[in-house]
Amino acid sequence: MRVILQSPASVVRSTLQDGVQLVSIHNPPVNALGAAVRQGLMAAIAQAEADAHVKAVLIVGDGRAFIAGADIREFGKPPVAPALPEVCQRIESCSKPVVAAIHGAALGGGLEVALSAHYRLALPSAQLGLPEVLLGLLPGSGGTQRAPRLMGVKAATELMLSGKHLNAQAALAAGLVDVVVEGDDPVAAGLAYVRELLARQAPVRPTSAQAGRLADKAAAQAELDVLRADTAKAARGLFSPLKIIDCVQAALDLPFDQGMQFERAQFLACLESPQRAGLIHAFFAEREVAKVPEAKAAVPRPITSIAVIGGGTMGAGITVSALDAGLPVTMIERDAESIARGRAHVEKVYDALVAKGRMAPEAKAATMARYTGSTRYEDIGSADLVIEAVFEDIEVKKAVFRELDRGCKPGAVLATNTSYLDIDAIAAATARPQDVIGLHFFSPANIMKLLEIVVPARVSADVVATAFELAKRLKKVPVRAGVCDGFIGNRILAVYKQAADYLMEDGASPYEIDAAVRGFGYPMGPFQVTDLAGGDIGWATRKRRAATRDPKARYVEIADRICERGWFGQKTGRGFYLYPEGARVGQPDPEVQAIVDAERARKGVVPRPFSADEIMRRYMAAMVNEGAKVVAEGIALRPLDVDVTFLSGYGFPRFRGGPMKWADMQGLDKVLADIREFAQDDPLFWKPAALLEQLVAEGRNFDSLNQPA
Ligand code: 3H9
0 MRVILQSPAS VVRSTLQDGV QLVSIHNPPV NALGAAVRQG LMAAIAQAEA DAHVKAVLIV
60 GDGRAFIAGA DIREFGKPPV APALPEVCQR IESCSKPVVA AIHGAALGGG LEVALSAHYR
120 LALPSAQLGL PEVLLGLLPG SGGTQRAPRL MGVKAATELM LSGKHLNAQA ALAAGLVDVV
180 VEGDDPVAAG LAYVRELLAR QAPVRPTSAQ AGRLADKAAA QAELDVLRAD TAKAARGLFS
240 PLKIIDCVQA ALDLPFDQGM QFERAQFLAC LESPQRAGLI HAFFAEREVA KVPEAKAAVP
300 RPITSIAVIG GGTMGAGITV SALDAGLPVT MIERDAESIA RGRAHVEKVY DALVAKGRMA
360 PEAKAATMAR YTGSTRYEDI GSADLVIEAV FEDIEVKKAV FRELDRGCKP GAVLATNTSY
420 LDIDAIAAAT ARPQDVIGLH FFSPANIMKL LEIVVPARVS ADVVATAFEL AKRLKKVPVR
480 AGVCDGFIGN RILAVYKQAA DYLMEDGASP YEIDAAVRGF GYPMGPFQVT DLAGGDIGWA
540 TRKRRAATRD PKARYVEIAD RICERGWFGQ KTGRGFYLYP EGARVGQPDP EVQAIVDAER
600 ARKGVVPRPF SADEIMRRYM AAMVNEGAKV VAEGIALRPL DVDVTFLSGY GFPRFRGGPM
660 KWADMQGLDK VLADIREFAQ DDPLFWKPAA LLEQLVAEGR NFDSLNQPA
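The sequence shown lines up with residues 0 to 708 when you count with numbering that gives the first Met the number 0.
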């Protein structure tokens, strides 16, 4: 073996092994195609061309992946040559056979490098995909032109539109790779395959020259027409999906080179779009949230068994989430009847999966074998972690924690799933406040990704670290939150919901507000959400808080008038909307509109029209302003923690990156100017956050606060 080439910083290393130039990429953690890697690959292919000893080239990735794609951190910065399409072109036009041996991730530009090679081998660990769409992009190095040639229009377009990964066998069946080889060493498997190809004098085989599955143009066009129509319906304001379809159309209509030019132009348009900036912010923010000081400073406690107190909707959802992660769970309820109901809630989830054919009955039985129901606290004496999910009442919760304090083993983590109660007070009910933490799941807890990890004053760092470790096992997106009424999410929600109520009383109908919010990209508007969750829940909270409400604060009573009639939303057949015969999508209700009119008249409000844009300016200004307060108070560590909370738990449109990212993209000065304008009518509600004022004065944005914690 002879070292023949090392690129800048040695990220691409070439060695000659019996006439095969082994090109290996060393750019941890995932071999992203940064400038040095692109330069190294160019140089390696030039070297292979120039060296008469080289008969073939083998490209592999070092470490855990082949190549996970372009280096996402470079997007939005000035481009550095060579561009990836050039690198791919250079690989494909090499006069000697080039082989890619794939293990781990071959995603985006990584798969495009492999598609430019002449032959492809996959190991069982391989994951192949073109997930650019999830970042607001499209495959921009020939993926839209080469993948359809190998896989056909339908499979290639579906791969690009879904962002899904294919495993090695699926990639083989789809025509993306030539062979799957057992084992975990891409170098050994790759070299053996190259030798086999050389022995049978396998020719250079550029993918671009293969008409392959595009040969039957009429059939391919028919497939694409269906996909275009479906995508137009499903894209929900997203920019890149229809561009992907356009690129595949170009693959059908144009010679390869022109198709590449077309793809490049579309890729650059996507790169410029604010959606790309929002989605890439979301990608990194979701990874940053787990990097909290406690997780770095302390070692998590081991978790091998869990107990859940309460078998209601929340307790059952948490139980399913833990069972799905392979943990044994003991559920505690107060009596036999309640425990039977709790078990039934859990089983119902799995029964639905079995009915849909998504779970085998044996798998259900194996999962339920890890479930135990009990009415006795003694049965959870050895649990490593207990999650309380009982009725949202501080006295009830304190009583549960006193029981846990008595019965749980020393060192057990004691968590409460409260959504707004004071966790410091709950912790103080025990003699071990260092073990008490908040784990705020969102309903349905087995589905929703967000987990607010609420950190009370006296909890120890290793308990916080344990909570983050648990989140990883449960496949949740954890966000660290401080103790306050509503933590990050519900506290901010309460404020923008108020802004929506004011808009309604001032002249916008609930239906106009919901439509504007959907138009922004949310799946539902706030009044639809109220109807879905049950209007009685918010009503109870409002009644409880009535005594402590600032008498000077504006209070809109429309929702109370609706609840007084017993209209609690979907479950009662009407709320803000009508749901005739159990319909899931509501219809506007003229009687609700009459209630709104009557309330306006009673308060002497002369209604005025609001455009969708005016509605959203107020809705978002309220959200951002409260978000800034939450950051300034340290309830959220950074603005990105607020963003992730809303992306993962509140349906905020991902392509906008989260409320704080949205504000940065608008310009904080503009958001502040809006707040000051609205404050002229209601200075108490629209009090600008000091942090927002400070950032504007200093010409900075929220992102400047997103430093690693
Ligand atoms: C593209 O390729 C465009 C081309 O078509 C055209 C170009 C002209 N760049 O997720 P993890 C970091 S677009 C930079 O925690 P896992 C990540 O931030 C790209 N960094 O691990 C994290 O850093 P840190 C298309 C990247 O095992 C660390 O790696 N490709 C990139 O759960 C570990 O990541 C994609 O969209 C990147 N491309 O999952 C793939 N990828 O440790 C995006 C990862 O500092 N990546 N990092 O927090 C993924 O889907 C997952 O990261 C992967 C590993 C499945 C690879």
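Glycine included, each C-beta is placed from N, C-alpha and C at the ideal position.
Just so it is clear, the structure is predicted and the values come from calculations on it, not from any experiment.
Original post:
Under three-state DSSP, which class holds Arg479?
Top reply: Working through the sequence shown from its first residue, we reach residue 479 at position 480. In the structure shown, Arg479 sits in a strand (DSSP, three-state: E or B).
Subject >> Cβ pair Val132, Gly162 closer than 9 angstroms >> reply: For the purposes of this step, residue 132 is taken as residue 133 along the sequence shown, with counting starting at 1. For the purposes of this step, residue 162 is taken as residue 163 along the sequence shown, with counting starting at 1. Yes.
Original post:
Any contact of the stretch 330-345 with the stretch 502-515, i.e. 3+ C-beta pairs under 8 angstroms?
Top reply: no
Original post:
For Lys496, which residues from the same chain have a beta carbon less than 7 angstroms from its beta carbon, with the 5 sequence-adjacent residues on both sides left out?
Top reply: Along the sequence shown, one-based indexing puts residue 496 at 497. Cβ within range, chain order: Pro525.
Subject >> Helix, strand or coil at Pro587 [DSSP, three-state] >> reply: Position 588 of the sequence shown holds residue 587. Correct three-state label for Pro587: strand.
Original post:
Between Gly142 and the ligand 3H9, is the CB less than 8 angstroms from at least one heavy atom?
Top reply: One-based indexing of the sequence shown puts residue 142 at position 143. Checking the Cβ of Gly142 against the ligand 3H9 gives yes.
**OP:** Report buried or exposed for Leu136, applying the criterion of at least 16 other Cβ atoms within 10 angstroms of its Cβ.
**Re:** Residue numbering aside, residue 136 sits at position 137 when the sequence shown is read from its first letter. With 16 or more Cβ atoms within 10 Å of its Cβ, Leu136 is classed as buried.
**OP:** Sort Ala428, Gly380, Val462 by Cα distance to Ala398 and report the nearest one.
**Re:** Counting from one through the sequence shown, the residue named residue 398 turns up at place 399. Measuring from the Cα of Ala398, the nearest candidate turns out to be Ala428.
Original post:
Between Pro123 and Glu181, which are expected to be in contact by the criterion C-beta below 8 angstroms, what is the C-beta distance as a whole number of angstroms?
Top reply: Residue numbering aside, residue 123 sits at position 124 when the sequence shown is read from its first letter. Residue numbering aside, residue 181 sits at position 182 when the sequence shown is read from its first letter. Their Cβ separation, rounded to whole angstroms, is 7 angstroms, which keeps Pro123 and Glu181 in contact under 8 angstroms.
Original post:
Curious, which full-length alpha helix (DSSP H) runs of at least 4 residues does the stretch 29-88 contain?
Top reply: 34-49
**OP:** Kindly identify the DSSP beta-bridge partner or partners of Gly568.
**Re:** Numbered from its first residue, the sequence shown carries residue 568 at position 569. DSSP lists Arg573 as partners of Gly568.
Original post:
Pick from Tyr554, Val59, Ile536: whose alpha carbon is nearest that of Val193?
Top reply: The sequence position of residue 193 within the sequence shown is 194, counting from 1. Answer by Cα proximity: Val59.
**OP:** Answer yes or no: do Ile343 and Thr374 have a C-beta to C-beta separation smaller than 9 angstroms?
**Re:** To locate residue 343, count along the sequence shown from 1; it is residue 344. To locate residue 374, count along the sequence shown from 1; it is residue 375. Inspection of the sequence shows that residue 343 is occupied by Ala rather than by Ile. For Ala343 and Thr374, no; Cβs fall outside 9 angstroms.
**OP:** Could you check the C-alpha separation between Gly533 and Val478 for me, to the nearest Å?
**Re:** Along the sequence shown, read from residue 1 onward, the residue named residue 533 stands at position 534. Along the sequence shown, read from residue 1 onward, the residue named residue 478 stands at position 479. The straight-line gap from Cα to Cα measures roughly 26 angstroms.
**OP:** Measuring from each Cβ to the nearest heavy atom of the ligand 3H9, keep the ones under 5 angstroms and list them in chain order.
**Re:** Pro28, Val29, Ala31, Ala67, Gly68, Ala69, Asp70, Ile71, Leu83, Ala104, Leu106, Gly107, Gly108, Pro130, Glu131, Pro138, Gly139, Ser140, Arg286
**OP:** Could you spell out where the beta strand (DSSP E) holding Leu127 opens and where it closes?
**Re:** To locate residue 127, count along the sequence shown from 1; it is residue 128. Leu127 -> beta strand (DSSP E) spans 126-128.
**OP:** From the DSSP output, read off the bridge partner residues of Val670.
**Re:** On the sequence shown, position 671 is the one that residue 670 refers to. Looking at the DSSP assignment, Val670 forms no beta bridge with any residue, so it has no partner.
**OP:** Give the DSSP-derived three-state secondary structure of Ser610 in the structure shown.
**Re:** Here residue 610 refers to the residue found at position 611 when the sequence shown is read from its first residue. Note: Ser610 maps to coil in three-state DSSP.
Original post:
The alpha helix (DSSP H) spanning Leu450 covers which residue range?
Top reply: For the purposes of this step, residue 450 is taken as residue 451 along the sequence shown, with counting starting at 1. No alpha helix (DSSP H) holds Leu450; the beta strand (DSSP E) holding it covers 449-454.
Original post:
Span of the alpha helix (DSSP H) holding Gly648?
Top reply: One-based indexing of the sequence shown puts residue 648 at position 649. That run of the alpha helix (DSSP H) goes 638-648.
Subject >> CA-to-CA distance, Ala362 to Gly325, given in whole angstroms >> reply: Taking the first residue of the sequence shown as 1, we reach residue 325 at position 326. Taking the first residue of the sequence shown as 1, we reach residue 362 at position 363. C-alpha separation (whole angstroms): 12 angstroms.
**OP:** Tell me whether His744 sits in a helix, a strand or coil according to DSSP, three-state version.
**Re:** Outside the modelled stretch of the chain, which goes from 0 to 708, sits residue 744, for which no answer is possible.
**OP:** Enumerate in chain order the residues of its own chain whose CB-to-CB distance from Arg227 is below 6 angstroms, with the five nearest sequence positions on each side excluded.
**Re:** Working through the sequence shown from its first residue, we reach residue 227 at position 228. The residues are Ile244.
Original post:
Roughly how many whole angstroms lie between the Cα atoms of Pro522 and Phe651?
Top reply: Your numbering for residue 522 matches position 523 in the sequence shown. Your numbering for residue 651 matches position 652 in the sequence shown. Using only the alpha carbons, I get a separation of about 8 angstroms.
**OP:** Say yes only if the C-beta of Ala264 is nearer than 8 angstroms to one or more non-hydrogen atoms of the ligand NAD, and no if none qualify.
**Re:** Ligands in the displayed structure: the ligand 3H9; the ligand NAD is not one of them.
**OP:** Would you identify the three-state DSSP class for Ser508, choosing helix, strand or coil?
**Re:** In the sequence shown, the residue the question calls residue 508 occupies position 509. DSSP places Ser508 in coil when its eight states are reduced to three.
Original post:
Going by DSSP, what residues sit across from Phe440 in a beta bridge?
Top reply: The residue labelled residue 440 in the question sits at position 441 within the sequence shown. Phe440 is bridged to Leu450.
**OP:** Would you kindly report the start and end of the unbroken beta strand (DSSP E) that includes Val97?
**Re:** On the sequence shown, position 98 is the one that residue 97 refers to. Run containing Val97: 97-101, per the beta strand (DSSP E) assignment.
Subject >> Contained alpha helix (DSSP H) runs [length at least 4] in the stretch 259-337, N- to C-terminal order >> reply: 273-287, 292-296, 312-323
Original post:
So, is Pro299 buried or exposed, given that buried needs 16 or more other C-beta atoms within 10 angstroms?
Top reply: As a first step, residue 299 must be located in the sequence shown, where it is residue number 300. Answer is buried; the Cβ neighbour count reaches 16.
Original post:
Starting from Gln200 and walking both ways along the beta strand (DSSP E), at which residues does that stretch end?
Top reply: Within the sequence shown, the letter at position 201 stands for residue 200. That residue, Gln200, is in no beta strand (DSSP E); it is neither H nor E in DSSP.
Original post:
In its own chain, which residues sit with a C-beta less than 7 angstroms from the C-beta of Val395, not counting the 5 before and 5 after it?
Top reply: Numbered from its first residue, the sequence shown carries residue 395 at position 396. Excluding residues within five positions, the ones whose Cβ falls inside 7 angstroms are Val389.
**OP:** Check whether the Cβ atoms of Ala116 and Leu127 lie closer than 9 angstroms to each other.
**Re:** As a first step, residue 116 must be located in the sequence shown, where it is residue number 117. As a first step, residue 127 must be located in the sequence shown, where it is residue number 128. No, the pair does not count as a contact, with Cβ atoms beyond the cut-off.
**OP:** With a 10 Å radius around its C-beta and 16 neighbouring C-beta atoms as the bar for buried, classify Glu580 as buried or exposed.
**Re:** To locate residue 580, count along the sequence shown from 1; it is residue 581. Per the 10 Å Cβ criterion, exposed.
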